[in-house]
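Heads up: the structure comes next, in C-alpha coordinates.
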Amino acid sequence: MRKNSVKSSIFTRYMSAFLMIIFVSFTILTVIISSMTIQAANEQKKDDAQQNMALLKTYIDDMWRNTFPHNSFEQFVKQNNTEIATMINILSRKSDEMNVFITTPDGKILVSTDGTYSGKRISDGDVLSALTSANPSIYSQLYSDMGGLLEKKHGMFVTAFNYGNSSYDGALIVCYGTGELDMLSKSTIKTIILASLWVMIASFIAVYFISEKIVSPIRQMSIATKRFASGEFDIKIPVEGSDEIAELATAFNSMADSLANIEYMRSSFLANVAHDLRTPMTSISGFIDGILSGAIPPEQQSYYLGVIGQEIRRLSRLVSNILDISRMEAGNRKFEKTPFDICETARIILLTFEAKIDAKKLNVEFDAPDDRLYVYSDKDAVYQVLYNLCENAVKFSKDGGLYRITIKDNGGKVSVSVFDEGIGISKDDLPHVFDRFYKSDKSRGLDKSGVGLGLYIVKTIMDNLGEQITVDSVLGEYCNFTLNLTKYTGKLPSAQEQHIDKKE
(Lines of atoms letter the chains of each structure in order from A and count residues from 1; the text may use other names and numbers.)
(Lines give C-alpha, C1' and ligand atoms only; values in the text may rest on other atoms or scores of the structure.)
Protein backbone atom coordinates (compact mmCIF):
# COMPACT_ATOMS: atom_id res chain seq x y z
CA MET A 1 0.00 0.00 0.00
CA ARG A 2 2.84 2.33 0.92
CA LYS A 3 4.66 1.43 -2.29
CA ASN A 4 1.70 2.44 -4.42
CA SER A 5 1.14 5.65 -2.47
CA VAL A 6 4.77 6.72 -2.89
CA LYS A 7 4.69 6.06 -6.60
CA SER A 8 1.26 7.58 -7.14
CA SER A 9 2.23 10.67 -5.17
CA ILE A 10 5.37 11.31 -7.20
CA PHE A 11 3.67 10.30 -10.45
CA THR A 12 0.68 12.56 -9.71
CA ARG A 13 2.90 15.54 -8.93
CA TYR A 14 5.05 15.02 -12.01
CA MET A 15 2.02 14.42 -14.23
CA SER A 16 0.19 17.46 -12.86
CA ALA A 17 3.24 19.64 -13.39
CA PHE A 18 3.78 18.33 -16.94
CA LEU A 19 0.13 18.71 -17.91
CA MET A 20 -0.03 22.20 -16.43
CA ILE A 21 3.09 23.25 -18.33
CA ILE A 22 1.80 21.70 -21.56
CA PHE A 23 -1.67 23.23 -21.13
CA VAL A 24 -0.35 26.72 -20.43
CA SER A 25 2.26 26.44 -23.19
CA PHE A 26 -0.19 25.26 -25.83
CA THR A 27 -2.82 27.78 -24.74
CA ILE A 28 -0.35 30.61 -25.17
CA LEU A 29 0.88 29.03 -28.40
CA THR A 30 -2.69 28.71 -29.71
CA VAL A 31 -3.50 32.33 -28.95
CA ILE A 32 -0.27 33.60 -30.51
CA ILE A 33 -0.37 31.41 -33.64
CA SER A 34 -4.10 31.92 -34.22
CA SER A 35 -3.78 35.65 -33.78
CA MET A 36 -0.76 35.88 -36.07
CA THR A 37 -2.33 33.58 -38.68
CA ILE A 38 -5.67 35.42 -38.72
CA GLN A 39 -3.97 38.78 -38.77
CA ALA A 40 -1.74 37.74 -41.67
CA ALA A 41 -4.69 36.26 -43.59
CA ASN A 42 -6.83 39.32 -42.87
CA GLU A 43 -4.12 41.64 -44.12
CA GLN A 44 -3.81 39.52 -47.24
CA LYS A 45 -7.57 39.78 -47.83
CA LYS A 46 -7.41 43.54 -47.39
CA ASP A 47 -4.54 43.77 -49.85
CA ASP A 48 -6.44 41.62 -52.36
CA ALA A 49 -9.59 43.74 -51.95
CA GLN A 50 -7.65 46.98 -52.45
CA GLN A 51 -5.85 45.57 -55.49
CA ASN A 52 -9.15 44.40 -57.01
CA MET A 53 -10.69 47.80 -56.27
CA ALA A 54 -7.79 49.58 -57.93
CA LEU A 55 -7.93 47.31 -61.01
CA LEU A 56 -11.70 47.63 -61.37
CA LYS A 57 -11.70 51.40 -60.87
CA THR A 58 -8.95 51.83 -63.44
CA TYR A 59 -10.83 49.57 -65.86
CA ILE A 60 -14.09 51.58 -65.45
CA ASP A 61 -12.24 54.93 -65.62
CA ASP A 62 -10.61 53.91 -68.90
CA MET A 63 -13.93 52.67 -70.27
CA TRP A 64 -15.58 55.99 -69.29
CA ARG A 65 -12.99 58.02 -71.13
CA ASN A 66 -13.16 55.81 -74.22
CA THR A 67 -16.97 55.88 -74.57
CA PHE A 68 -17.83 59.61 -74.42
CA PRO A 69 -20.32 61.33 -74.39
CA HIS A 70 -22.54 60.09 -71.50
CA ASN A 71 -25.67 61.56 -70.06
CA SER A 72 -25.06 60.05 -66.61
CA PHE A 73 -22.92 57.53 -64.71
CA GLU A 74 -25.95 55.30 -64.19
CA GLN A 75 -26.64 55.29 -67.97
CA PHE A 76 -22.96 54.51 -68.63
CA VAL A 77 -23.06 51.49 -66.28
CA LYS A 78 -26.24 50.13 -67.86
CA GLN A 79 -24.76 50.46 -71.34
CA ASN A 80 -21.58 48.62 -70.35
CA ASN A 81 -23.12 46.27 -67.82
CA THR A 82 -21.96 43.10 -69.55
CA GLU A 83 -18.29 44.15 -69.76
CA ILE A 84 -18.26 45.47 -66.20
CA ALA A 85 -19.98 42.34 -64.81
CA THR A 86 -17.50 40.13 -66.65
CA MET A 87 -14.58 42.03 -65.16
CA ILE A 88 -16.13 41.81 -61.69
CA ASN A 89 -16.61 38.04 -62.02
CA ILE A 90 -13.01 37.59 -63.14
CA LEU A 91 -11.73 39.45 -60.09
CA SER A 92 -14.17 37.67 -57.76
CA ARG A 93 -12.81 34.25 -58.66
CA LYS A 94 -9.90 34.81 -56.25
CA SER A 95 -12.26 34.52 -53.29
CA ASP A 96 -15.72 33.06 -52.85
CA GLU A 97 -16.51 35.69 -50.25
CA MET A 98 -15.57 38.77 -52.26
CA ASN A 99 -18.52 40.91 -53.35
CA VAL A 100 -18.33 43.98 -55.61
CA PHE A 101 -20.99 46.69 -55.80
CA ILE A 102 -21.23 49.72 -58.08
CA THR A 103 -23.75 52.20 -56.71
CA THR A 104 -25.17 55.65 -57.23
CA PRO A 105 -24.39 58.35 -54.64
CA ASP A 106 -27.71 57.69 -52.89
CA GLY A 107 -27.02 53.95 -52.41
CA LYS A 108 -28.81 52.38 -55.40
CA ILE A 109 -26.93 49.26 -56.52
CA LEU A 110 -26.26 49.29 -60.27
CA VAL A 111 -24.05 46.22 -60.58
CA SER A 112 -23.17 43.44 -58.09
CA THR A 113 -20.99 40.34 -58.26
CA ASP A 114 -23.71 37.84 -59.15
CA GLY A 115 -26.41 40.33 -60.13
CA THR A 116 -28.58 39.39 -57.13
CA TYR A 117 -28.45 42.81 -55.54
CA SER A 118 -28.87 44.95 -58.67
CA GLY A 119 -31.61 47.57 -58.24
CA LYS A 120 -31.65 47.30 -54.44
CA ARG A 121 -30.73 50.12 -52.12
CA ILE A 122 -28.27 50.20 -49.27
CA SER A 123 -29.89 51.21 -45.99
CA ASP A 124 -26.90 50.98 -43.63
CA GLY A 125 -26.19 54.43 -42.20
CA ASP A 126 -22.43 53.94 -41.99
CA VAL A 127 -22.21 52.83 -45.60
CA LEU A 128 -24.47 55.69 -46.80
CA SER A 129 -22.33 58.12 -44.85
CA ALA A 130 -19.24 56.69 -46.51
CA LEU A 131 -20.91 57.01 -49.91
CA THR A 132 -21.79 60.63 -49.21
CA SER A 133 -18.21 61.49 -48.30
CA ALA A 134 -16.50 59.18 -50.78
CA ASN A 135 -13.36 60.45 -52.50
CA PRO A 136 -11.81 59.00 -55.68
CA SER A 137 -8.32 59.11 -54.13
CA ILE A 138 -9.27 57.63 -50.74
CA TYR A 139 -10.36 54.09 -49.86
CA SER A 140 -12.66 54.21 -46.84
CA GLN A 141 -12.65 51.01 -44.76
CA LEU A 142 -15.84 49.74 -43.09
CA TYR A 143 -17.19 46.61 -41.40
CA SER A 144 -20.90 46.09 -42.19
CA ASP A 145 -23.64 43.82 -43.55
CA MET A 146 -24.93 46.73 -45.69
CA GLY A 147 -28.21 47.00 -43.83
CA GLY A 148 -29.01 43.30 -44.01
CA LEU A 149 -28.22 42.80 -47.68
CA LEU A 150 -25.36 40.48 -46.73
CA GLU A 151 -25.86 37.47 -44.46
CA LYS A 152 -23.16 38.65 -42.08
CA LYS A 153 -20.83 41.53 -41.66
CA HIS A 154 -17.97 41.91 -44.12
CA GLY A 155 -14.93 44.08 -44.27
CA MET A 156 -15.23 46.54 -47.17
CA PHE A 157 -13.53 49.41 -48.94
CA VAL A 158 -15.44 52.35 -50.51
CA THR A 159 -14.20 54.77 -53.15
CA ALA A 160 -15.87 57.25 -55.56
CA PHE A 161 -16.11 57.79 -59.29
CA ASN A 162 -15.83 61.46 -60.24
CA TYR A 163 -15.63 62.58 -63.82
CA GLY A 164 -15.55 66.35 -63.51
CA ASN A 165 -18.85 67.07 -61.77
CA SER A 166 -19.09 69.14 -58.64
CA SER A 167 -20.18 66.00 -56.80
CA TYR A 168 -19.09 62.44 -57.44
CA ASP A 169 -20.94 60.33 -60.01
CA GLY A 170 -21.00 56.93 -58.30
CA ALA A 171 -19.29 54.65 -55.82
CA LEU A 172 -17.39 51.36 -55.88
CA ILE A 173 -17.70 48.99 -52.90
CA VAL A 174 -15.47 45.89 -52.57
CA CYS A 175 -16.39 43.52 -49.71
CA TYR A 176 -14.17 40.75 -48.36
CA GLY A 177 -15.64 38.07 -46.11
CA THR A 178 -14.22 36.69 -42.83
CA GLY A 179 -15.63 33.18 -43.12
CA GLU A 180 -12.35 31.85 -44.47
CA LEU A 181 -10.58 33.48 -41.54
CA ASP A 182 -12.91 31.70 -39.11
CA MET A 183 -12.24 28.39 -40.83
CA LEU A 184 -8.51 29.05 -40.77
CA SER A 185 -8.70 29.91 -37.07
CA LYS A 186 -10.66 26.74 -36.28
CA SER A 187 -8.27 24.64 -38.36
CA THR A 188 -5.26 26.12 -36.58
CA ILE A 189 -6.78 25.55 -33.14
CA LYS A 190 -7.76 22.00 -34.07
CA THR A 191 -4.24 21.23 -35.26
CA ILE A 192 -2.70 22.61 -32.08
CA ILE A 193 -5.17 20.71 -29.88
CA LEU A 194 -4.39 17.45 -31.68
CA ALA A 195 -0.68 18.13 -31.32
CA SER A 196 -1.10 18.90 -27.63
CA LEU A 197 -3.04 15.66 -27.11
CA TRP A 198 -0.23 13.67 -28.69
CA VAL A 199 2.29 15.54 -26.56
CA MET A 200 0.21 14.85 -23.43
CA ILE A 201 0.07 11.14 -24.25
CA ALA A 202 3.81 11.07 -24.85
CA SER A 203 4.34 13.03 -21.63
CA PHE A 204 2.14 10.63 -19.68
CA ILE A 205 4.24 7.69 -20.88
CA ALA A 206 7.51 9.55 -20.26
CA VAL A 207 6.46 10.67 -16.78
CA TYR A 208 5.43 7.14 -15.91
CA PHE A 209 8.85 5.72 -16.74
CA ILE A 210 10.69 8.69 -15.23
CA SER A 211 8.72 8.42 -11.99
CA GLU A 212 9.32 4.67 -11.95
CA LYS A 213 13.05 5.28 -12.36
CA ILE A 214 12.96 7.74 -9.47
CA VAL A 215 10.61 5.77 -7.23
CA SER A 216 12.42 2.44 -7.57
CA PRO A 217 15.60 3.48 -5.69
CA ILE A 218 13.51 5.46 -3.20
CA ARG A 219 11.44 2.35 -2.58
CA GLN A 220 14.63 0.35 -2.09
CA MET A 221 15.92 3.00 0.29
CA SER A 222 12.68 2.77 2.25
CA ILE A 223 13.10 -0.99 2.55
CA ALA A 224 16.75 -0.57 3.50
CA THR A 225 15.87 2.00 6.17
CA LYS A 226 13.46 -0.43 7.79
CA ARG A 227 16.13 -3.12 7.76
CA PHE A 228 18.62 -0.66 9.24
CA ALA A 229 16.14 -0.02 12.04
CA SER A 230 16.19 -3.75 12.82
CA GLY A 231 19.99 -3.82 12.87
CA GLU A 232 20.64 -5.21 9.36
CA PHE A 233 23.32 -3.19 7.57
CA ASP A 234 24.31 -5.64 4.81
CA ILE A 235 21.70 -4.43 2.30
CA LYS A 236 22.98 -2.40 -0.66
CA ILE A 237 21.07 -0.29 -3.16
CA PRO A 238 22.02 -0.81 -6.85
CA VAL A 239 23.73 2.25 -8.33
CA GLU A 240 22.80 2.93 -11.96
CA GLY A 241 24.07 5.90 -13.97
CA SER A 242 25.66 9.04 -12.60
CA ASP A 243 22.69 11.31 -11.91
CA GLU A 244 21.51 12.73 -8.57
CA ILE A 245 19.55 9.55 -7.77
CA ALA A 246 22.71 7.49 -8.32
CA GLU A 247 24.64 9.88 -6.07
CA LEU A 248 21.94 9.50 -3.42
CA ALA A 249 22.12 5.71 -3.70
CA THR A 250 25.93 5.85 -3.39
CA ALA A 251 25.63 8.09 -0.33
CA PHE A 252 23.03 5.72 1.12
CA ASN A 253 25.37 2.74 0.64
CA SER A 254 28.19 4.71 2.26
CA MET A 255 25.88 5.47 5.16
CA ALA A 256 25.11 1.77 5.47
CA ASP A 257 28.83 0.98 5.60
CA SER A 258 29.35 3.68 8.22
CA LEU A 259 26.44 2.40 10.31
CA ALA A 260 27.78 -1.14 10.05
CA ASN A 261 31.21 0.07 11.12
CA ILE A 262 29.73 2.06 14.02
CA GLU A 263 27.68 -0.95 15.07
CA TYR A 264 30.79 -3.12 14.94
CA MET A 265 32.77 -0.60 16.99
CA ARG A 266 29.89 -0.26 19.44
CA SER A 267 29.72 -4.01 19.94
CA SER A 268 33.50 -4.18 20.24
CA PHE A 269 33.48 -1.28 22.69
CA LEU A 270 30.83 -2.91 24.87
CA ALA A 271 32.77 -6.17 24.88
CA ASN A 272 36.04 -4.39 25.69
CA VAL A 273 34.54 -2.16 28.37
CA ALA A 274 32.74 -5.13 29.90
CA HIS A 275 36.02 -7.05 29.95
CA ASP A 276 38.00 -4.11 31.32
CA LEU A 277 35.44 -3.47 34.02
CA ARG A 278 34.96 -7.09 34.95
CA THR A 279 38.64 -8.01 35.17
CA PRO A 280 39.78 -5.35 37.70
CA MET A 281 36.53 -5.58 39.64
CA THR A 282 36.97 -9.36 39.90
CA SER A 283 40.55 -8.88 41.04
CA ILE A 284 39.59 -6.19 43.56
CA SER A 285 36.73 -8.30 44.89
CA GLY A 286 38.92 -11.38 45.18
CA PHE A 287 41.76 -9.61 46.93
CA ILE A 288 39.42 -7.85 49.38
CA ASP A 289 37.63 -11.13 50.15
CA GLY A 290 41.02 -12.78 50.69
CA ILE A 291 42.13 -10.08 53.10
CA LEU A 292 38.82 -10.10 55.00
CA SER A 293 38.73 -13.89 55.25
CA GLY A 294 42.36 -14.15 56.30
CA ALA A 295 43.31 -16.19 53.24
CA ILE A 296 45.97 -13.55 52.46
CA PRO A 297 48.54 -13.39 55.29
CA PRO A 298 49.04 -9.99 56.98
CA GLU A 299 52.57 -9.70 55.63
CA GLN A 300 51.25 -9.93 52.03
CA GLN A 301 48.23 -7.66 52.48
CA SER A 302 50.26 -4.51 51.75
CA TYR A 303 51.30 -5.92 48.35
CA TYR A 304 47.76 -6.87 47.38
CA LEU A 305 46.43 -3.52 48.55
CA GLY A 306 48.88 -1.97 46.08
CA VAL A 307 47.48 -4.21 43.32
CA ILE A 308 43.97 -3.12 44.29
CA GLY A 309 45.08 0.51 44.02
CA GLN A 310 46.47 -0.11 40.51
CA GLU A 311 43.20 -1.70 39.40
CA ILE A 312 41.19 1.21 40.82
CA ARG A 313 43.41 3.69 38.95
CA ARG A 314 42.88 1.64 35.79
CA LEU A 315 39.11 1.92 36.23
CA SER A 316 39.50 5.63 36.89
CA ARG A 317 41.45 6.10 33.63
CA LEU A 318 38.77 4.24 31.69
CA VAL A 319 35.98 6.41 33.10
CA SER A 320 38.10 9.54 32.61
CA ASN A 321 38.69 8.70 28.94
CA ILE A 322 35.00 8.12 28.30
CA LEU A 323 34.08 11.39 30.01
CA ASP A 324 36.81 13.25 28.09
CA ILE A 325 35.40 12.00 24.78
CA SER A 326 31.88 13.01 25.79
CA ARG A 327 33.04 16.52 26.71
CA MET A 328 34.87 17.02 23.42
CA GLU A 329 32.01 15.66 21.31
CA ALA A 330 29.57 17.91 23.17
CA GLY A 331 31.90 20.89 22.66
CA ASN A 332 32.27 21.44 26.41
CA ARG A 333 36.05 21.17 26.48
CA LYS A 334 37.63 24.52 25.75
CA PHE A 335 41.09 24.82 24.22
CA GLU A 336 43.24 27.86 24.97
CA LYS A 337 46.20 28.41 22.66
CA THR A 338 49.38 29.94 24.07
CA PRO A 339 53.05 29.85 23.04
CA PHE A 340 55.10 27.15 24.80
CA ASP A 341 58.35 25.25 24.36
CA ILE A 342 57.60 21.92 22.70
CA CYS A 343 61.15 20.66 23.28
CA GLU A 344 60.81 21.13 27.04
CA THR A 345 57.38 19.44 27.01
CA ALA A 346 58.77 16.43 25.12
CA ARG A 347 61.74 16.13 27.55
CA ILE A 348 59.44 16.15 30.57
CA ILE A 349 57.24 13.41 29.06
CA LEU A 350 60.33 11.36 28.15
CA LEU A 351 61.60 11.53 31.75
CA THR A 352 58.18 10.38 32.96
CA PHE A 353 58.73 6.99 31.30
CA GLU A 354 62.33 6.61 32.44
CA ALA A 355 61.62 3.60 34.64
CA LYS A 356 59.69 1.73 31.92
CA ILE A 357 62.36 2.59 29.35
CA ASP A 358 65.08 1.18 31.59
CA ALA A 359 63.01 -1.93 32.26
CA LYS A 360 62.82 -2.70 28.51
CA LYS A 361 66.42 -1.54 27.89
CA LEU A 362 65.31 0.73 25.05
CA ASN A 363 67.80 2.77 23.03
CA VAL A 364 66.54 6.34 23.39
CA GLU A 365 67.24 9.14 20.92
CA PHE A 366 66.05 12.73 21.33
CA ASP A 367 66.65 14.84 18.21
CA ALA A 368 65.77 18.56 18.30
CA PRO A 369 67.28 21.48 16.30
CA ASP A 370 67.44 23.83 19.31
CA ASP A 371 67.10 23.68 23.06
CA ARG A 372 63.90 25.67 22.72
CA LEU A 373 61.32 25.68 19.94
CA TYR A 374 58.01 27.40 20.52
CA VAL A 375 54.65 26.34 19.13
CA TYR A 376 51.28 28.06 19.42
CA SER A 377 48.67 25.65 20.74
CA ASP A 378 46.94 24.41 23.88
CA LYS A 379 49.78 23.20 26.10
CA ASP A 380 47.75 20.77 28.21
CA ALA A 381 46.07 19.25 25.15
CA VAL A 382 49.39 18.78 23.30
CA TYR A 383 50.89 17.30 26.49
CA GLN A 384 48.02 14.80 26.65
CA VAL A 385 48.49 13.86 22.98
CA LEU A 386 52.26 13.48 23.21
CA TYR A 387 52.01 11.57 26.50
CA ASN A 388 49.61 9.07 24.93
CA LEU A 389 51.87 8.53 21.90
CA CYS A 390 54.99 8.12 24.06
CA GLU A 391 53.18 5.70 26.37
CA ASN A 392 52.09 3.56 23.40
CA ALA A 393 55.61 3.67 21.93
CA VAL A 394 57.14 2.37 25.16
CA LYS A 395 54.38 -0.21 25.61
CA PHE A 396 54.66 -1.71 22.12
CA SER A 397 58.46 -1.43 21.66
CA LYS A 398 60.46 -4.64 21.63
CA ASP A 399 63.08 -5.11 24.34
CA GLY A 400 66.29 -3.35 23.37
CA GLY A 401 64.58 -1.59 20.45
CA LEU A 402 64.98 1.99 19.28
CA TYR A 403 62.79 4.64 20.88
CA ARG A 404 63.15 8.07 19.28
CA ILE A 405 61.55 11.51 19.57
CA THR A 406 62.32 13.87 16.67
CA ILE A 407 61.41 17.57 16.59
CA LYS A 408 61.87 19.52 13.33
CA ASP A 409 61.37 23.16 12.38
CA ASN A 410 59.56 23.16 9.01
CA GLY A 411 59.08 26.91 8.63
CA GLY A 412 55.53 27.69 9.63
CA LYS A 413 55.05 24.26 11.19
CA VAL A 414 56.87 22.18 13.81
CA SER A 415 56.75 18.39 13.47
CA VAL A 416 57.08 16.09 16.47
CA SER A 417 57.63 12.39 15.65
CA VAL A 418 57.47 9.48 18.10
CA PHE A 419 59.20 6.39 16.69
CA ASP A 420 59.49 2.90 18.13
CA GLU A 421 60.83 -0.45 16.95
CA GLY A 422 58.23 -3.00 17.86
CA ILE A 423 55.16 -4.85 16.68
CA GLY A 424 54.03 -2.07 14.31
CA ILE A 425 50.60 -1.82 12.71
CA SER A 426 49.34 -3.76 9.69
CA LYS A 427 48.21 -2.07 6.47
CA ASP A 428 44.64 -3.21 7.12
CA ASP A 429 44.64 -1.61 10.57
CA LEU A 430 46.35 1.67 9.63
CA PRO A 431 43.17 3.39 8.28
CA HIS A 432 41.37 2.56 11.54
CA VAL A 433 43.94 3.36 14.24
CA PHE A 434 42.20 6.66 15.05
CA ASP A 435 38.70 5.15 15.10
CA ARG A 436 36.81 5.09 18.34
CA PHE A 437 36.96 1.78 20.27
CA TYR A 438 39.33 0.28 17.70
CA LYS A 439 42.08 -2.06 18.85
CA SER A 440 44.47 -3.69 16.41
CA ASP A 441 45.53 -6.12 19.14
CA LYS A 442 42.44 -8.32 18.90
CA SER A 443 43.90 -10.99 21.15
CA ARG A 444 44.45 -8.44 23.91
CA GLY A 445 47.79 -10.12 24.53
CA LEU A 446 49.87 -6.93 24.74
CA ASP A 447 47.53 -4.13 25.71
CA LYS A 448 45.42 -5.43 28.53
CA SER A 449 44.73 -2.01 30.02
CA GLY A 450 43.29 -0.23 26.98
CA VAL A 451 39.90 -0.17 25.30
CA GLY A 452 40.88 1.54 22.06
CA LEU A 453 40.08 5.10 23.12
CA GLY A 454 43.54 6.62 23.44
CA LEU A 455 44.31 7.28 19.77
CA TYR A 456 40.73 8.36 19.13
CA ILE A 457 41.15 10.98 21.87
CA VAL A 458 44.48 12.01 20.32
CA LYS A 459 42.89 12.48 16.88
CA THR A 460 39.87 14.32 18.33
CA ILE A 461 42.13 16.74 20.23
CA MET A 462 44.25 17.43 17.13
CA ASP A 463 41.12 18.05 15.06
CA ASN A 464 39.79 20.47 17.68
CA LEU A 465 43.14 22.28 17.65
CA GLY A 466 43.07 22.48 13.86
CA GLU A 467 46.32 20.52 13.64
CA GLN A 468 47.32 17.31 11.85
CA ILE A 469 48.53 13.89 12.97
CA THR A 470 49.82 11.12 10.67
CA VAL A 471 51.06 7.58 11.17
CA ASP A 472 53.52 5.40 9.26
CA SER A 473 54.13 1.79 10.18
CA VAL A 474 55.33 -1.60 8.97
CA LEU A 475 53.96 -4.64 10.77
CA GLY A 476 56.64 -6.31 12.89
CA GLU A 477 59.20 -3.54 12.30
CA TYR A 478 58.30 -0.04 13.46
CA CYS A 479 55.65 2.58 14.08
CA ASN A 480 56.02 6.35 13.71
CA PHE A 481 53.41 8.96 14.73
CA THR A 482 53.95 12.58 13.64
CA LEU A 483 52.29 15.71 15.00
CA ASN A 484 52.30 18.91 12.94
CA LEU A 485 51.91 21.97 15.17
CA THR A 486 51.77 25.66 14.33
CA LYS A 487 55.08 27.39 15.00
CA TYR A 488 54.98 30.47 17.22
CA THR A 489 56.56 33.41 15.36
CA GLY A 490 55.67 36.20 17.78
CA LYS A 491 57.72 37.72 20.56
CA LEU A 492 59.32 35.03 22.71
CA PRO A 493 58.62 35.00 26.46
CA SER A 494 61.13 36.76 28.72
CA ALA A 495 63.81 34.82 30.59
CA GLN A 496 61.83 35.07 33.83
CA GLU A 497 58.70 33.70 32.13
CA GLN A 498 60.76 30.90 30.60
CA HIS A 499 62.07 30.01 34.07
CA ILE A 500 58.56 29.91 35.48
CA ASP A 501 57.39 27.82 32.54
CA LYS A 502 60.25 25.40 33.07
CA LYS A 503 59.41 25.00 36.76
CA GLU A 504 55.83 24.25 35.90
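For the sequence shown, this note's numbering begins at 2 and goes up steadily by one. Ideal Cβ placement from N, Cα and C applies to all residues, glycine included.
Collapsing the DSSP output to three states places Asn485 in a strand.
Between Asp170 and Ser145, the C-beta spacing is not below 8 Å.
In the three-state scheme derived from DSSP, where H, G and I count as helix and E and B as strand, Thr471 is classed as strand. Taking Ser398 as the centre and dropping the five residues before and after it, the same chain places the C-beta of Lys361, Leu363, Tyr404, Asp421, Glu422, Gly423 closer than 8 Å to its C-beta, in chain order. With fewer than three CB-CB distances shorter than 8 Å, the region 299-319 does not count as touching the region 342-355. Excluding its 5 nearest sequence neighbours in each direction, Phe102 has C-beta neighbours in its own chain below 6 Å: Ile110, Ser113, Ile174, listed in chain order.
Checking the DSSP bridge columns, you'll see Met157 partnered with Leu143, Cys176. Contact between Phe482 and Val475 does not hold, since their C-beta atoms are separated by about 14 Å, which reaches or exceeds 8 Å.
Straight through space, the alpha carbons of Gly332 and Ser268 are spaced by roughly 25 Å.
Val208 and Phe19 do touch by the CB rule: their CB atoms are close to 5 Å apart, below 8 Å. With contacts defined as CB atoms closer than 8 Å, Ala261 and Phe288 fail to qualify as a contacting pair. Between Ala257 and the set Asp381, His433, Lys227, Tyr479, the nearest pair of CA atoms involves Lys227. For Phe24 and Met16, the gap between their C-alpha atoms comes out near 12 Å. As summarised for the region 342-396, the continuous beta strand (DSSP E) elements at least 3 residues long and confined to that stretch are 364-368, 375-378, given in chain order.
If you draw a 10 Å sphere on the C-beta of Asp429, you find fewer than 16 other C-beta atoms in it, and that means exposed. Exclusion of the five residues before and after Tyr164 leaves Trp65, Asp170 as the residues of its chain whose Cβ lies within less than 7 Å of its Cβ. For Asp421, the uninterrupted beta strand (DSSP E) run begins and ends at 414-422, by DSSP. By alpha-carbon distance to Ala86, the top candidate from Val417, Tyr60, Thr105, Tyr388 is Tyr60. By alpha-carbon distance to Ile349, the top candidate from Leu30, Lys335, Thr487, Lys380 is Lys380. Annotation for Asn100: the continuous beta strand (DSSP E) segment containing it runs 100-104. If you look at Val78, you'll find it isn't in any beta strand (DSSP E); it sits in the alpha helix (DSSP H) that goes 74-80.
Around Met157, the same chain offers Leu143, Ile174, Cys176 as residues with beta carbons nearer than 6 Å, after the five sequence neighbours per side are excluded. Residue range 403-410 is occupied by the beta strand (DSSP E) that includes Tyr404. Annotation for Glu84: Met64 place their beta carbon closer than 8 Å to its own, counting only its chain and skipping 5 residues before and after.
For Leu111, the enclosing beta strand (DSSP E) stretches over residues 110-113.
Nearest to Met222 by alpha-carbon distance, out of Phe210, Ile236, Asn82, is Ile236. Take the alpha-carbon of Leu92 and the one of Asn53: they are about 6 Å apart.
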